[in-house]
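Engineer: Which chain is which? The protein sequence lines are A and B, in order.
Quick note: the first sequence uses the numbering used here, first residue 791, plus one each step.
Quick note: the second sequence uses the numbering used here, first residue 45, plus one each step.
Just so you know, even glycine gets a beta-carbon here, dropped at the ideal spot from N, CA and C.
Bear in mind that the values here come from a model prediction, so they are computed numbers and not experimental data.
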Amino acid sequence: MQLVIRDLSKTYPNGTQAVKDVSLDVPQGMFGLLGPNGAGKSTLMRILATLQDADSGSARLGDIDVLKQKDEVRRTLGYLPQSFGFHPAVRAERLLEHFAVLKGIAEAGVRREVVESLLRQVNLWEVRKQKVGTFSGGMRQRLGVAVALLGDPKLIIVDEPTAGLDPAERVRFLNLLGEIGEASAVILSTHIVEDVEELCSRMAIIDHGEILLETEPSVAVEALRGRIWRRTVGRSELAAVEAAFNVISTRLLAGRTVVHVHAGSSPGKEFEPVEPDLKDVYFSVMAGHHGKRVVAA
Amino acid sequence: MSARSGKLREVFRYEVAHRLRAPSTWIFAAFLGLLGFGLTGADVEGPVNVNAPSQLAEVQAVLGIFGMMITAALIADAALRDLDAGMDPLLFSSPVSKAEYLGGRFTAALAVNILLTCLVPIGSLLFTLLNHEPTHYGPVRLAAFAQPFLILVVPNTILVASILFAITIRVRQAIPVYLGAIAIFVAYLTAANLRDMWGGSTLVSYLDPFGMSALQDVIRYWTPVEQNANLVGLPVMLLWNRVGALAIAAVVLAVLHRAFRFAHVEARAGGRRDRIERIVAQVNVEPAGPVAVPRVAGTFDMGTRWLQFIAVTRKAISELLTSRTFLLVLVGHVLLTGLFGWEAGDSVFDTSTWPTTVLVIERLLDTPLTPIAYLLAAVYAGELVWKDRDVGVAEIADAVPVAEGTLLAGRFVALVSTLTLIRMAIIVGGVITQAALGYYHFEIGVYLRILLGMDLAELAIIAAMAMLIHVVVNQKYLANILVLVACVAPVWLREMGFVRHRMLLYGTDPGWTWSAMNGLGSFLAPFVWFKLYWAAWALVLLVLSVLLMVRGREDGLKRRLRGARARLTGPVARAAATAALLVAGLGGFVFYNTNILNTYRTIAEMGRTQAEYEIRYKVLEDVPQPVLIATDLRVEILPEVPRIDITGGYHLVNNSGGAIERIHVYVDPATTVRTIAFDQSASLVKADEEVGFRTHALGRPLQPGDSLRMRFDLSVASRGFSNDRIRADVVRNGTKIDRRVLPFIGYQPVFELTDARSREHFGLAPQPPMPGPDDAKAKQSRDLVLNEDLVQVDAILGTSLDQTALTPGALRRSWTENGRRYFHYVTERPTEFGLSIYSAAYEVVEDRWKDVALRIYHHPGHTYALDRTLKSMKASLAYFSEQFGPYPDPLLQLVEVPRYGGYGVAHPHTMSFTEDFFLSRVRDGEVDLPFYGISHEVGHQWWGGMVGGGRVRGGEFLTESLSNYSAIMATEVTYGHDAGKRVYDFQMGHYLQGRAFQSHEVAALDVEGQPYIAYRKGAIAMYTLKEFIGAARVNGALRRFADRFRDKGAPYPTSRDLFAELQAVTPDSPHSVLTDWFETVTLWDVRTATASMEPTGDGQYRVTLEVVARKTRADSIGNEVEAPMDDLVDIGVFAGDSAGTPLHLERHRIHGGAQTIVITVPTEPARAGIDPYNRLIDRERSDNTVKIAGPRSAP
């Protein structure tokens, strides 16, 4: 089942336009939505998750009109929001079972089977009898995934899922996500480029409510081959370099600054070519050298 | 130092700014202003001005209690906002001291609260200014508005705010704030209850933290004139009480300051924080291999909907029940039930009764348990609506495929279930209380039907409204207040007289009374139909909640309305349509009953029928009419319907000097008249159905001395039900009808409107005062009905097989016919025609006194008071026969009637008492008030029965005062002087209270419709006279009076005739008693300034008393003028307190002003004073005796 979004827009009552004519095609598999904080990702996710209304545009999941047929969407939706909590006094197994009923798994035996296997899949089976209030952040996140996976959803929306996880938890979480990504359309909304790089077969970059680039990660990276150059500079030189070249990113390495620059050809002998990665794609797009955004001269 | 105050100022400013920005603050402001405006005119009695300082003080004090809710909201917000927003780590780790933080927050919330509460006196002032007119308002004095605010409201607010603030900071949750407010409210009421129990104890007035008792003590006995003129001021007791309240507040805040710590707040919303568990949980084991999860999509059919509904309900119920405070609520209800229910039945006319289940329930429903239920409904509805959002699971839960209807239905059911559990706690508490009081007949069925049936139905309807308000008003604290407003609004609208029809007052019904004899009886139908109607509305509200429920992030009103339109499909639309149809259908049926089958009168039109009666027909008042001298009736009582059919006739005689051409007949419009005819040709000239007045023109004028027979065929029954209480005289078991259902001959002034304001409204002149004792014409008739005096009655009563029918008269015969029972009663001689017919399934107890048969007809099982009743009947008959003359009938009977109205009524050889009387009991140390009550009614056989007064002023002295006096004497003779004195004290207390509420007090002999004078003042006047001149003389005078007028016709005696007899037996020196107590309204003010003693040297003690005395006479509105005093007053000296045997008790001649009295006593005294037993009418009763100061002998 494919999710087709056309010209979706939403403006908040205080005037902020959170989503500006967004059009996307999301096939089965992992789709990464990449963008900085405040780009409009969460708003877009909530619109798709039937929690907010769009002002104009359309979104269709197969035959279902996502904006107007909220009930139908919910029947085949799994949503893991950016921040959430659970009733702390409820036990994990009980909570999952509760949501299983709400998601329409009526038969008690089948339900028990689904609950057990999901708990095992997210590795919470050992602690299923504990109250959710005692869970750490990562455990809560995994329980949230289990809830999202109930009912065999065809559309799974995951909003900034790895933000609060320690490195080990993050790895486990991404593995889990990878497993489920095969039979449904999964939208992973994040500002962490590595998440998209590791998991997604398609991606889009969004900022200020607009889609700046929609492509496959490998294709985007390939398009940048030969255009990314690296130079190490001292702190005092940085300002001059930034003024003279299209610097797309800077980082510190052992006390000195490493800059990446976007240029069609070598900008100088201080620079060396670099194999581009998705981070370079992201920074290039954000800087306006790639994709929709055009930098004023 | 300046840095500190700077920080405190900053915290203060920040908080105040936040508060003033919030729209809820302004809504609270409007609410308080409206309260002040709206309630100022509410509870005004007669001559007391609307803006009398005492009235304003009471209004503000009462509103202060309700203002607690707003305090709760403001304080809760101030205390919890940081925690809720998660800002506490930032704040608590910055260099702010406890005093700055807590102080700033608290004073800011308090300042805003007090600012808002200012609006109550301002609203009050506005109301006064807008409505000012000289009759009901006095001069506008700002002090009268400001004083109560500064003295009562501000300290109360400080006190409540400090307690709630401390609780909230400590517990860190919002619900305890509301529970705290409830607890404070209950504590206040407990203090009020205890105060009543301990008879105005000054200790309680000091302790009552809200100053209400202290205020009451100050103004309790003020006459209307004093109430209008005097500012409440700051008398000593009130001052200390206020200081005490502020001291408590200071202590609470100090304790909070010590105990508070700027610490991290762990998962406050409830689970146990088990660190060990957490660490264990973090040890994660990698799964053995990929797990195969079965891909099961959900199915969505009716079965799933049902399961979802069950799941939502279970979760909602467990959320409410597992909160820590719920157990507290349950236990609290059991305790509160015990507290409030302890006095069930205690105030049924001041006799204590067994705490039957009905009495207990009625008492409980009348206490704050009802508004507490509303508050809990509001708070729990809010919890349910907000729970997911509060916990953070809302975004997940809202994206789940559950219909809004299912969510709302589940939460509503959970709310009602919770309220049910609380009601059950009340039942448990009620049963425990009954057992603790020694009563074991628990009648669980009655508990269930009333508390879990009727009361719960009402609560469920309120709960639906609470849910809607919480859904629509997306702010928890504000919504709670609005729910309370919505609950109070119908009561307020009705009390203020704006809206009367119960179809417009949400959730209301015409009211009901549960009788042991008759169960819910005819009250069931109106209750059920009104509740069904309101349930249909509740369904509408629930549908609206579904449509407007916030789901996801869209909570703007426009988007919600758009969403509502989208949701109006499928099952929701069907439910909406069903609800609308139900409202229309049920509403139509109810309206048909209240407005078409019965007459509905708006507030303005109430009394219209009576007014029209007078406007149209008063001209006929003096037209000579024939007099009723005998009647024969056949009364068919049909309890199953219930209905009464009456056929019968009147024997009328023309006793006027001239011929009578027209006969006017008045029948109460509620009686259905089938025919009225005469035994000679007569034409119906006019039939005014609306008022019930008919005029017949006789074919041949009726000549003087001739007689005429009138026949009639009537029926008495209810038609459907009305907006007011259904009629309760014709019922399934316990029928009780009287004269009013039968026709009256001629215009009857007794049915005119009596309320002065109503008369003014309809354009009627004020009623003239009753004629004086010299009015010869008025003395021609006794009682209040014209054209009949003493009537012979011949009545055949038919009722169902299981019931007994009674009416005054000798039972000639009883038989069974056509499956019904019949009784034939004939009066042995003409009697007052009260008619009074009773029918119920009675059990009879029989006894004798000399040759008088005694019978008590009672409801089966009501056997608690029968022995006492028989004892009183016998003792009273014995005493009264001996003192006042023989009892003329061979029978004296007592009938139990349902508790729908009245207490005890006397008819010829028949007395009726309400069923509550039959449950009375006398505990150790209590005076036998039931004995006294029966004695009073037996007394009426003489006073009002054998001897009846003319229709003049002071007529009630001859009936009520004399019966009361006789009853006090019978009690004294049977139980001793002490018991008599206690009954006397009881009368005195009621008299003094009655004085404060009524205006136009007249002398006892001139009493005109004032129960506190007729029943109380008159009796204590007689008793006082007896204390002076002895029972033999007083009773002798009564005997002579009775002998003169017993069974004589017109002219009938007046109170002056009795007074002449009393004067004849009173020697010179106590003569002033007659003037002071009978002929004028006299008040005394006596007190003992000092008392000292010294030994005389020969083993005795000389006691020196300085007393001050003053005597005033009052005119009709309470203006007092000092009168010369030269009275005999008791002076007493006691070895212990004044309850013991006195060492010296004698009457001394006391004049006005200060004087010294010296007395010698044989043993060492402790207390002394003037009028130690409070025999004088003195409003300040506690200053009569004092402790004696002086040298004491060595121990």
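For Ile292/B, which residues in the same chain have their Cβ closer than 7 Å to its Cβ, ignoring the five residues on either side in sequence?
Structural biologist: As a position in the second sequence, residue 292/B is number 248, starting the count at 1. Excluding sequence neighbours, Ile292/B sits near Leu203 and Pro253.
Engineer: Once DSSP output is grouped into helix, strand and coil, what is the label at His1050/A?
Structural biologist: Along the first sequence, read from residue 1 onward, the residue named residue 1050/A stands at position 260. The answer is strand: DSSP assigns His1050/A an E or B state.
Engineer: Just to confirm, is the Cβ distance from Phe353/B to Ala453/B under 8 Å?
Structural biologist: Numbered from 1 along the second sequence, position 309 holds the residue referred to as residue 353/B. Numbered from 1 along the second sequence, position 409 holds the residue referred to as residue 453/B. Yes; because the gap between Cβ atoms is below 8 Å, this pair is in contact.
Engineer: Do Ala608/B and Leu585/B have their beta-carbon atoms positioned less than 8 Å apart in this structure?
Structural biologist: On the second sequence, position 541 is the one that residue 585/B refers to. On the second sequence, position 564 is the one that residue 608/B refers to. No; because the gap between Cβ atoms is not below 8 Å, this pair is not in contact.
Engineer: Along the beta strand (DSSP E) that carries Val948/A, what are the first and last residues, could you check?
Structural biologist: Here residue 948/A corresponds to residue number 158 of the first sequence, with the count starting at 1. First-last of the beta strand (DSSP E) with Val948/A: Leu945 to Asp949.
Engineer: Could you compute how far the alpha carbon of Leu786/B sits from the alpha carbon of Thr675/B?
Structural biologist: Taking the second sequence and counting its residues from 1, the one referred to as residue 786/B is at position 742. Taking the second sequence and counting its residues from 1, the one referred to as residue 675/B is at position 631. Cα to Cα, Leu786/B sits roughly 11 Å from Thr675/B.
Engineer: Within the same chain, show all residues whose beta-carbon is closer than 7 Å to that of Leu549/B, passing over the 5 residues directly before and after it, in chain order.
Structural biologist: Taking the second sequence and counting its residues from 1, the one referred to as residue 549/B is at position 505. Cβ contact annotation for Leu549/B (same chain, cutoff 7 Å, sequence separation greater than five): Pro534, Leu537, Arg538 and Val543, in chain order.
Engineer: What residues in the region 452 to 483 of chain B bring their beta carbon closer than 9 Å to a beta carbon of chain A?
Structural biologist: Residues of the region 452 to 483 of chain B with a Cβ closer than 9 Å to any Cβ of chain A: none.
Engineer: Does the beta carbon of Val856/A sit closer than 8 Å to a beta carbon anywhere in chain B?
Structural biologist: Here residue 856/A is taken as the residue at index 66 of the first sequence, counted from 1. Output row for Val856/A: interface = no.
Engineer: Taking the beta strand (DSSP E) that Asp815/A belongs to, which residues open and close that run?
Structural biologist: Translated into positions along the first sequence, residue 815/A becomes position 25. Segment Gln807 to Val816, the beta strand (DSSP E) holding Asp815/A.
Engineer: Helix, strand or coil: how does DSSP classify Val1147/B here?
Structural biologist: Position 1103 of the second sequence, counted from the start, is the residue given in the question as residue 1147/B. Val1147/B falls in the strand class under three-state DSSP.
Engineer: Check each candidate in Asp261/B, Ala800/B and Val1147/B and name the one with the smallest Cα separation from Leu1189/B.
Structural biologist: Taking the second sequence and counting its residues from 1, the one referred to as residue 1189/B is at position 1145. Of Asp261/B, Ala800/B and Val1147/B, the residue nearest in Cα terms is Val1147/B.
Engineer: Do the region 460 to 470 of chain B and the region 359 to 375 of chain B meet, that is, are 3 or more Cβ pairs less than 8 Å apart?
Structural biologist: Contact holds: three or more Cβ-Cβ distances are below 8 Å.
Engineer: Which word fits Ser1089/A, buried or exposed, when buried means at least 16 other C-beta atoms lie within 10 angstroms of its C-beta?
Structural biologist: Nothing can be reported for residue 1089/A: it is not among the residues displayed for chain A, which extend from 791 to 1087.
Engineer: Please classify His903/B as buried or exposed, where buried requires at least 16 other C-beta atoms within 10 Å of its C-beta.
Structural biologist: Position 859 of the second sequence, counting from 1, holds the residue named residue 903/B. Label assigned to His903/B: buried.
Engineer: Which runs of the beta strand (DSSP E) spanning at least 3 residues fall entirely within the region 76 to 159 of chain B, listed in chain order?
Structural biologist: none
Engineer: Per the contact definition of three or more C-beta pairs closer than 8 Å, is the region 935 to 952 of chain B in contact with the region 1012 to 1032 of chain B?
Structural biologist: no
Engineer: Find the residues of chain A that neighbour Pro67/B, judging by a C-beta separation of less than 9 Å, and give them in chain order.
Structural biologist: Counting from one through the second sequence, the residue named residue 67/B turns up at place 23. Result: empty, since nearest Cβ-Cβ is about 16 Å, beyond 9 Å.
Engineer: Take Ser813/A as the anchor and find which of Ala844/A, Leu1042/A and Ile895/A has the nearest alpha-carbon.
Structural biologist: Indexing the first sequence from 1 puts residue 813/A at position 23. Taking only the C-alpha atoms, the option nearest Ser813/A is Ala844/A.
Engineer: Going along chain A in order, which residues have a C-beta closer than 7 Å to the C-beta of Gln352/B?
Structural biologist: On the second sequence, position 308 is the one that residue 352/B refers to. Correct list: Val891 and Leu892.
Engineer: Ignore the nearest five residues each way along the sequence and tell me which others in Ile781/B's own chain have a CB closer than 8 Å to its CB.
Structural biologist: Taking the first residue of the second sequence as position 1, residue 781/B is located at position 737. These residues qualify, in order along the chain: Ile688, Val760, Asp773, Val774, Leu879, Ser880 and Ile881.
Engineer: Considering Cα atoms alone, identify which of Arg803/B, Leu481/B and Thr411/B is closest to Tyr657/B.
Structural biologist: Taking the first residue of the second sequence as position 1, residue 657/B is located at position 613. The residue with the shortest Cα to Cα distance from Tyr657/B is Arg803/B.
Engineer: Could you compute how far the alpha carbon of Asn1228/B sits from the alpha carbon of Gly1180/B?
Structural biologist: Working through the second sequence from its first residue, we reach residue 1228/B at position 1184. Working through the second sequence from its first residue, we reach residue 1180/B at position 1136. Taking the straight line joining both Cα atoms gives about 15 Å.
Engineer: Could you check if Glu733/B belongs to the surroundings of the ligand SAH, using beta carbon to heavy atom distance under 7 Å?
Structural biologist: Of the ligands one can find in the structure shown there are none, so the ligand SAH has no counterpart to examine.
Engineer: Give the DSSP-derived three-state secondary structure of Pro253/B in the structure shown.
Structural biologist: Your numbering for residue 253/B matches position 209 in the second sequence. Pro253/B falls in the coil class under three-state DSSP.
Engineer: Run down chain B in chain order and give the residues with a C-beta less than 7 Å from the C-beta of Pro871/A.
Structural biologist: For the purposes of this step, residue 871/A is taken as residue 81 along the first sequence, with counting starting at 1. Pro871/A reaches chain B at Glu439 and Ile440, counting residues in chain order whose Cβ is nearer than 7 Å.
Engineer: For Arg776/B, is the classification buried or exposed, using 16 other Cβ atoms within 10 angstroms of its Cβ as the cut-off for buried?
Structural biologist: Locating residue 776/B in the second sequence gives position 732, where the first residue counts as 1. Arg776/B is buried by the Cβ-count criterion.
Engineer: Helix, strand or coil for Gly863/B per DSSP?
Structural biologist: By 1-based counting over the second sequence, the position of residue 863/B is 819. It is coil, neither helix nor strand.
Engineer: Under 8 Å: do the region 640 to 647 of chain B and the region 562 to 579 of chain B share three or more Cβ pairs, one atom per stretch?
Structural biologist: no
Engineer: In this structure, how does DSSP classify Val870/A when only helix, strand and coil are distinguished?
Structural biologist: Taking the first sequence and counting its residues from 1, one reaches residue 870/A at position 80. Sequence check: residue 870/A is Leu here, not Val. Three-state result, Leu870/A: strand.
Engineer: Applying the 10 Å Cβ sphere with the 16-neighbour rule, what's the burial state of Arg317/B?
Structural biologist: Taking the first residue of the second sequence as position 1, residue 317/B is located at position 273. Because Arg317/B carries a pLDDT of 41, less than 50, the predicted location of this residue cannot be relied on, and the following value inherits that uncertainty. The residue in question, Arg317/B, is exposed, as its Cβ has fewer than 16 Cβ neighbours within 10 Å.
Engineer: Looking at the unbroken alpha helix (DSSP H) that takes in Thr1242/B, where does it start and where does it end?
Structural biologist: Outside the shown range of chain B, which is 45 to 1239, sits residue 1242/B, and nothing can be said about it.
Engineer: With a threshold of 8 Å, are at least 3 pairs of Cβ atoms found where one atom belongs to the region 853 to 867 of chain B and the other to the region 897 to 914 of chain B?
Structural biologist: Too few Cβ pairs lie closer than 8 Å, so no.
Engineer: May I have a chain-ordered list of the beta strand (DSSP E) segments no shorter than 3 residues that lie completely inside the region 776 to 814 of chain B?
Structural biologist: 779 to 781
Engineer: Assuming Glu1000/B contacts Val1051/B (C-beta within less than 8 Å), just tell me the rounded distance between them.
Structural biologist: As a first step, residue 1000/B must be located in the second sequence, where it is residue number 956. As a first step, residue 1051/B must be located in the second sequence, where it is residue number 1007. Contact flag correct, Cβ pair sits at about 5 Å.
Engineer: In whole angstroms, what is the alpha-carbon distance linking Tyr181/B and Asn699/B?
Structural biologist: Counting from one through the second sequence, the residue named residue 181/B turns up at place 137. Counting from one through the second sequence, the residue named residue 699/B turns up at place 655. Answer to the nearest angstrom: the Cα atoms are 51 Å apart.
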